[in-house]
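Below you'll find the structure, written out as structure tokens, and then a few comments.
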Amino acid sequence: MKRVKNLPLLSPGMLPLNKSEPGEQPIGTNGLSRSAACSDVRMTTELSKSEEGLEFLLISDFNLSNLAALLSKDEESPMIRAATAPFGQVMQVLLESGSQFWSKGIQGVVVWTSPESVSSGYKRLLQSEEAEPEQLMHEVDEFCNAIKAIPGHVKHVLSQPGW
């Protein structure tokens, strides 16, 4: 069985870029990307200027309280009221669609993670241990499925693509 060991560490700025057509955004990949698995995830990069008072939930494996405060203080349209989920509980919040975090008022979500926080296999690679490629792909698929499970009333899903 094929094993991955000592995967070179790459920061998002160091990722090789795929070629893109003029006007398209290049997509980074590190060879373990499963962008096709997440291709039908609802994504958006721009908010309509006509939408006022958007409520956003910020989910991360680190503290996004400062970002929530900055977004909430901005008086330009569209106005955003941002709340944070408890940091470090990404999968728990994503998979519990009945929780208080997913109230009907939430119109958007930002999911910002590091790969080692959602993949124990990747975390092992960072510690110079071995990991099965199949396990890594399975963990990425689980993460994509968790994003796909975001309740349907949430119109805007933004994911930090650093990995």
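Per my numbering, residue 152 is the first one in the sequence shown, and the count goes up by one each step. C-beta atoms are modelled at their ideal positions from N, C-alpha and C, and glycine is treated no differently.
Rounded straight-line distance, which links the Cα of residue j to that of residue i
i	j	result
Pro-284	Val-308	28 angstroms
Asp-292	Met-230	33 angstroms
Ser-248	Ile-301	7 angstroms
Leu-221	Met-288	35 angstroms
Thr-235	Leu-208	6 angstroms
Among the options, nearest to residue i - alpha-carbon criterion
i	options	result
Val-260	Gln-243, Leu-287, Phe-252	Phe-252
Gly-204	Ala-220, Met-288, Arg-232	Arg-232
Gly-303	Lys-255, Glu-267, Gln-311, Phe-294	Lys-255
Assigned exposure category for residue i - 16 Cβ within 10 Å defines buried
i	result
Gln-258	buried
Ser-270	buried
Gly-272	buried
Phe-213	exposed
Leu-332	Beyond the ends of the chain as shown, which are 152 and 314, falls residue 332; an answer cannot be given.
Ser-216	exposed
Pro-266	buried
query: Between the region 277–293 and the region 211–225, do three or more beta carbon pairs fall short of 8 angstroms?
result: no
- prompt: In chain order, which continuous runs of the beta strand (DSSP E) of length 3 or greater are located wholly inside the region 219–281?
  reply: 231–235, 257–263
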